[in-house]
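Before any comments, here is the structure.
Residue numbers (this note's numbering), protein chains in the order written: chain A, 1 to 113; chain B, 114 to 227.
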């Protein structure tokens, strides 16, 4: 069956360092992969989308990589700030049409001052 | 900015009640989705719709139905609420012509069924 795995435990990072979150998947051939941020009691907010033919995507302090051979995406936040503390979700599309995304369970990131 | 509005942030209902969760989006999106989110289980797709009066089952449709009479409104219906339907419910829409790209979510409805 299809499976998406993200670090299930909270990730604690010192302010100013780079935070790296991992998303691994099995039994998928996604056309693209997305990353969302979710704050407590709120809905997820879209951050970045990377397509299967792209290796890397950047947006300000965010960088996403996508390795279809390893079946893995890495999400980096450089120069991390306490305001970056949130849960980060990766989501996959199987390329089959408008049938919604499948989400990982998310990684809770804590940036400590 | 795109806005997806869910009618209630918190709801408390009793077992057996019929429950309506309403969602409205203001950007003419064709696709709309209902997810539920539970600790340790993540987001799971209940139903989705890619046009007015169209609906498709997601991964966990049992105990739910939906209604899409107008493009901007997508309603989730719990025919007879049960305690295992206590959850955070999230509505989302996606930009025209792009199916699953960049979902816009509402703030969620925390439903408690007693």
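Virtual Cβ for every residue (Gly too), placed ideally from N, Cα, C. None of the values given here were measured: they were computed from a predicted structure.
query                                                                                                                                                                     : result
Rounded to the nearest angstrom, how far is the Cβ of residue 132 of chain B from that of residue 227 of chain B, given a contact under 8 Å?                              : Between residue 227 of chain B and residue 132 of chain B the Cβ distance is about 12 Å, and since that is not below 8 Å, they are no contact.
Please list the partners that residue 40 of chain A has in chain B, where partner means a Cβ-to-Cβ separation under 9 Å.                                                  : Neighbours of residue 40 of chain A on chain B: none; closest Cβ ~11 Å, over 9 Å.
If I measure Cβ to Cβ from residue 114 of chain A and keep anything under 8 Å in the same chain, skipping five residues before and after, which residues do I get?        : Shown here, chain A extends from 1 to 113; a query on residue 114 of chain A therefore has no answer.
Helix, strand or coil for residue 26 of chain A, going by three-state DSSP, please let me know.                                                                           : strand
Going by the beta-carbon positions, is the gap between residue 161 of chain B and residue 100 of chain A smaller than 8 Å?                                                : yes
Between the Cα of residue 193 of chain B and those of B:219, B:127 and B:206, spot the shortest distance and give me the residue it belongs to.                           : B:127
Which chain A residues sit within Cβ distance under 8 Å of residue 215 of chain B?                                                                                        : 34, 46 and 49
Would you call residue 29 of chain A buried or exposed, if buried means 16 or more other Cβ atoms sit within 10 Å of its Cβ?                                              : exposed
Going along the chain, which residues of its own chain have a beta-carbon closer than 6 Å to the beta-carbon of residue 13 of chain A, five neighbours each way excluded? : 19, 80 and 111
Scan the segment 13 to 72 of chain A and note each continuous beta strand (DSSP E) run of 3 residues or more that stays entirely inside, going in chain order.            : 19 to 26, 32 to 38, 45 to 51, 56 to 59 and 62 to 67
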